[in-house]
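Take a look at the structure below.
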Amino acid sequence: MGNFNHYTVMKHEAVDALECKNGLIYVDCTLGGGGHSELILQRIQPNGRLIAFDVDDDAINAAQNRLKDYKNITIVKSSYTNIKSVLDDLGIEKITGGILFDLGASYHQLTKGERGFSFSKEAPLDMRFNQDADFSAYDVVNSYSEADLVRIFSEYGEERFSKRIAKRIVEERKIKKIETTTTLADLIVNCTPHVKTSIHPATRVFQAIRIEVNQELTNVKNTLNDVLDLLAVGAIISVISFHSLEDRIVKHLFKYHSQRCHCEKNQMICTCPPPRLELVNKKPLMASEEEIRENPPSRSAKLRVARCING
């Protein structure tokens, strides 16, 4: 397994937001190294229950070892996108306490060279959260049309040189398939203007490919809607996002379901159902200065919290 390096971002803020209580059911949608889960478990003893999801074998092995003394956790090797069917199989009708999402890739995934997330270490183009999945970064880079590459680099990476990079990828792969992280990173460096910045030129493209491979934005949107049906009244949903597109999805969904009316302006009588959520924090919570010093990537983390008021 090797060392599993994982920094739990906004651990106390995210778990504090859940207002953990003994006897209730909680869900951790991204187990990771088990930092959030451990804190939840400490606070829901002796009769609370935690269901934790992950698709990454490294994460599951590390967390199982960390949490081996806790009896009231069920670790499920499955994507949180399957939450409805998994909870149904476990005989759980409602999440009575709360649910935590810690979105995006973990520090371990991003820094473990052979996983292919990093452009600073040579590795096969991979980027799969779930290593049992068939579809990888190699498939995106070597089989997507130029137009589709432009689309994902622009939408998911907000990359201003999307067209130039996509064109060069298509030209290169006609000669030889692009197989490694460093080959792709070098290609990006060589075909884009040298701009003075601390951000590596390949950063946005690698992020975009990772989001596409793992369907991160689609999964967040669909699952948040599913979760609303699973929350008991009073249950809390706590979401940490690291990317402006993810945060936008969470913000809009929370806002929509906390509004009293969605009727057209010319409609005389409101026919809207009552709101399902109330916002616990209007503006997202950010990591503390101390945490950002310890773990610089946490500077982009945003935590949004809402409570179910109508099941």
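According to the working numbering, the sequence shown is numbered sequentially starting from 8.
Virtual Cβ for every residue (Gly too), placed ideally from N, Cα, C.
Note that the coordinates shown come from a computational prediction; the quantities given were computed from them, not determined experimentally.
Beta carbon of residue i nearer than 8 Å to that of residue j
i, j, result
"P282", "I316", "yes"
"F160", "T199", "no"
"L310", "P291", "yes"
"R217", "F124", "yes"
"I51", "N29", "yes"
"G41", "A24", "no"
"I243", "A308", "no"
"V148", "I185", "yes"
"T103", "A313", "no"
"S245", "G105", "yes"
"N166", "V212", "The identity of residue 166 in the sequence shown is Glu, whereas the question assumes Asn. Yes. Within cutoff."
"V234", "I90", "yes"
"L284", "K101", "no"
Nonlocal neighbours in the same chain, by C-beta distance under 8 Å from residue i, ignoring five residues either side
i, result
"V202", "P208"
"S305", "Y14, V16, M17, A294, E298 and I299"
"T81", "R56, L57, I58, A59 and L97"
"E129", "G120, T187, T188 and T189"
Any non-hydrogen atom of the ligand FAD within 7 Å of residue i CB
i, result
"E253", "For the ligand FAD, the structure offers nothing, since it holds no ligand at all."
N-terminal and C-terminal residue of the beta strand (DSSP E) that residue i is part of
i, result
"S245", "I243 to S248"
"R311", "K309 to C315"
"D35", "I32 to D35"
Cβ-based neighbour list, residue i, same chain, cut-off 7 Å, excluding 5 preceding and 5 following
i, result
"H43", "T15, K18, A21, V22, D35, L107 and D109"
"K170", "V157"
"N54", "N29 and G30"
"V93", "V83 and S85"
"G9", "Any reading at G9 needs caution, since the residue's pLDDT is 47, under 50, leaving its predicted position unreliable; the model's value is listed next. Nothing meets the Cβ criterion."
"K258", "R311"
"Y77", "L48"
"S265", "P282, L284, E285, L286 and A313"
Run of the alpha helix (DSSP H) containing residue i, from where it starts to where it stops
i, result
"E285", "Careful: E285 lies outside any alpha helix (DSSP H), inside the beta strand (DSSP E) at L284 to L286."
"Y145", "A144 to S150"
"F160", "E153 to G164"
"S44", "G42 to R50"
"K18", "K18 to D23"
"R167", "Where R167 is concerned, there is no enclosing alpha helix (DSSP H), given that its DSSP letter is neither H nor E."
"I299", "E296 to E301"
Proximal residues to residue i (C-beta, below 6 Å), its chain only, five neighbours per side dropped
i, result
"Y163", "A215 and I218"
"Y145", "L132"
"N302", "Y14"
"N393", "Summary: the structure shown does not reach residue 393, with the chain confined to residues 8 through 318, and so no result is reported for it."
"T37", "D109"
"N197", "none"
"R73", "G41"
"E223", "none"
Q.
With three or more C-beta pairs closer than 8 Å as the rule, is the stretch 270-285 touching the stretch 124-142?
A. no
Q. Are three or more beta carbon pairs between the stretch 288-302 and the stretch 223-232 nearer than 8 Å?
A. no
(Q) Counting beta carbon pairs with one atom in the stretch 183-191 and one in the stretch 151-164, are three or more of them shorter than 8 Å? (A) no
Q | Whole runs of the alpha helix (DSSP H) within the stretch 199-256, excluding any shorter than 4 residues | A | 210-221 and 223-237
Q. Should the stretch 53-66 be called in touch with the stretch 80-94, which here means at least 3 C-beta pairs below 8 Å?
A. yes
Q: Examine the Cβ distances between the stretch 128-135 and the stretch 169-177 and report whether three or more of them are shorter than 8 Å.
A: no
Q. Which runs of the alpha helix (DSSP H) spanning at least 4 residues fall entirely within the stretch 54-123, listed in chain order?
A. 64-73, 90-96 and 114-118
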